[in-house]
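The numbering of the sequence shown is my numbering, which starts it at 24 and goes up by one.
C-beta: ideal position from N, C-alpha, C; glycine also.
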Amino acid sequence: MRTVPRWLALVGVAGMVSLSGAQCAFLRPPGEDYSYLPPALPPSPTLQQVMEAVNANAAQIHSFATNDATLSGTGFPALRASVAFERPRRFRLIAGTGVTGPEVDLGSNDAVFWFWIRRNEPPALYYCRHDEFVTSPIRRQLAIDPYWLIDAFGITGLDPAHAHSNPTAVPGGRYEIHTRLETPQGPATKVTVIDGVRAWILEQRIYDAQGGLLASATTSGFRRDPLSGAFFPTRIEVRSPPHQFAMRLDLASVTVNRSLGDPERLWAVPHYQGWPVVNLCSSPQ
């Protein structure tokens, strides 16, 4: 079995996601007061009402992109980043500095996902096919399924196929929903904290079967797309206490449901001269 490099265990928690549209829409500046809008939820909402409100917002976002993002976290300085995201499995995050160039390249297309970290040892670009990852032993070595970061953005909704608890009121005008999950590591519980007025997903926490916190994600700085009316977070923070890891992604000048450019270039697995390409999900030869 191939051993997962330490950085990959962390990236699996914090860096890999895969997420058609109308016209260009720039999101409003942060800090705007949305109290003039009618509430998305009634007082004491049912689970069905919460799911409908959350999923209605998520359905409005087909894609987004920005060239004005900042990636920061444990063990590395803040990096300038570009982010592009298109349903269902397309994602690209490239981060670096003006001096050294790209330092991080994380992505996914319809067939594969990949990770490249300039300062990783041993140096390599790792990739895996989506269909192979489902049954790969590597999946069990990651603390959190890398696809979970899809949910970390808080814009993918609540899956009606999952077993959810009824919403419970918690301080701050919020509601909690508990969801039972089956992961490669065994049973888990996901706790989703939702704004009681706007139905924004504010926080998500994943616990193992013993109640230990595996990972958490918080979203803030919500802005509203004036064309679709959808709300979108501009700060995403991910933490993994078992790995003593934290990551923050700040997004600015985001466009929603706009053409993302040349798909052949944007969603292609990159090539970095001097770095070998390693199939993460294959057994060593």
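Does DSSP classify ASP248 as helix, strand or coil?
-> To locate residue 248, count along the sequence shown from 1; it is residue 225. The answer is coil: DSSP assigns ASP248 none of H, G, I, E or B.
I think THR97 touches ALA269, with their Cβ atoms under 8 Å apart; what is that distance to the nearest whole Å?
-> Walking along the sequence shown from the start, residue 97 turns up at place 74. Walking along the sequence shown from the start, residue 269 turns up at place 246. That pair is a contact at about 5 Å.
Does the beta-carbon of TYR6 have 16 or more other beta-carbons within 10 angstroms, so that it is buried, or is it exposed?
-> As displayed, the chain neither begins before 24 nor continues past 308, which places residue 6 out of reach and without an answer.
Have a look at TYR149 and PRO286 and give me their C-alpha separation to the nearest angstrom.
-> Residue numbering aside, residue 149 sits at position 126 when the sequence shown is read from its first letter. Residue numbering aside, residue 286 sits at position 263 when the sequence shown is read from its first letter. Near 21 Å, if we compare the C-alpha coordinates of PRO286 and TYR149.
Local Cβ density within 10 Å of SER305, reported as buried at 16 or more and exposed below that | Mapped onto the sequence shown, residue 305 falls at position 282. Classification of SER305: exposed, given that the 10 Å Cβ count is below 16.
Report all residues from its chain with a CB closer than 6 Å to the CB of TRP290; omit the five preceding and five following residues, and keep chain order.
-> Along the sequence shown, one-based indexing puts residue 290 at 267. Closer than 6 Å at the Cβ level, and outside the excluded window around TRP290, lie ARG113, ASN132.
Whole-angstrom C-beta distance between ALA76 and ALA175, which should lie under 8 Å | Numbered from its first residue, the sequence shown carries residue 175 at position 152. Numbered from its first residue, the sequence shown carries residue 76 at position 53. Their Cβ separation, rounded to whole angstroms, is 20 Å, which puts ALA175 and ALA76 out of contact at 8 Å.
LEU225 beta carbon less than 8 Å from that of PRO264 = Locating residue 264 in the sequence shown gives position 241, counting from the first residue. Locating residue 225 in the sequence shown gives position 202, counting from the first residue. Against a cut-off of 8 Å, the Cβ pair of LEU225 and PRO264 comes out as no contact.
Alpha-carbon spacing of TRP298 relative to PHE136, whole angstroms | The residue you call residue 298 lines up with position 275 of the sequence shown. The residue you call residue 136 lines up with position 113 of the sequence shown. Approximately 17 Å, taken between the alpha carbons.
May I ask you to report which of helix, strand or coil DSSP gives GLY38?
-> Position 15 of the sequence shown, counted from the start, is the residue given in the question as residue 38. Note that GLY38 scores a pLDDT of 37, beneath 50, so its modelled location is shaky; the value from the coordinates is reported in the next line. Residue state, collapsed to three classes: coil.
Rounded straight-line distance, which links the Cα of LEU274 to that of ALA107 | In the sequence shown, counting from the first residue as 1, residue 107 sits at position 84. In the sequence shown, counting from the first residue as 1, residue 274 sits at position 251. Using only the alpha carbons, I get a separation of about 11 Å.
Nearest to ARG197 (by Cα), restricted to the options SER105, ARG163, VAL220 = In the sequence shown, the residue the question calls residue 197 occupies position 174. Here the closest residue by C-alpha is VAL220.
Which first and last residues belong to the beta strand (DSSP E) in which GLN227 is found?
-> For the purposes of this step, residue 227 is identified with residue 204 of the sequence shown, where counting begins at 1. Unbroken beta strand (DSSP E) run through GLN227: 224 to 231.
What do you get for SER67, buried or exposed, if any count of 16 or more other CB atoms within 10 angstroms of its CB means buried?
-> Mapped onto the sequence shown, residue 67 falls at position 44. Classification of SER67: exposed, given that the 10 Å Cβ count is below 16.
Start and end of the beta strand (DSSP E) containing PRO210?
-> Stepping through the sequence shown from its first residue, residue 210 is reached at position 187. Where PRO210 is concerned, the enclosing beta strand (DSSP E) stretches over 209 to 218.
LEU272 lies in the beta strand (DSSP E); which residues open and close that run?
-> Within the sequence shown, numbered from 1, the residue matching residue 272 stands at position 249. Here the beta strand (DSSP E) through LEU272 covers 268 to 275.
Which residues in the same chain have their Cβ closer than 7 Å to the Cβ of ALA222, if we skip the five residues on either side of it in sequence?
-> What you label residue 222 is simply residue 199 of the sequence shown in a count that begins at 1. Result list for ALA222: ALA63, LEU64, VAL73, ALA76, VAL77, ASN80, in chain order.
For PHE99 versus ILE178, is the C-beta distance shorter than 8 Å?
-> As a position in the sequence shown, residue 99 is number 76, starting the count at 1. As a position in the sequence shown, residue 178 is number 155, starting the count at 1. Not a contact, by the Cβ cut-off of 8 Å.
Closer than 6 Å by C-beta to VAL157: which residues in its own chain qualify, once you throw out the five before and the five after it? Chain order, please.
-> Counting from one through the sequence shown, the residue named residue 157 turns up at place 134. Contacts found: none.
Measure the Cβ-Cβ separation of GLN208 and ASP231 and say whether it is below 8 Å.
-> Indexing the sequence shown from 1 puts residue 208 at position 185. Indexing the sequence shown from 1 puts residue 231 at position 208. For GLN208 and ASP231, yes; Cβs fall inside 8 Å.
Distance, THR206 Cα to ILE161 Cα = Along the sequence shown, read from residue 1 onward, the residue named residue 161 stands at position 138. Along the sequence shown, read from residue 1 onward, the residue named residue 206 stands at position 183. ILE161 and THR206: Cα-Cα distance of roughly 13 Å.
Going straight from the alpha carbon of GLN71 to that of GLN164, what length do you get?
-> As a position in the sequence shown, residue 71 is number 48, starting the count at 1. As a position in the sequence shown, residue 164 is number 141, starting the count at 1. Cα to Cα, the separation comes out at about 35 Å.
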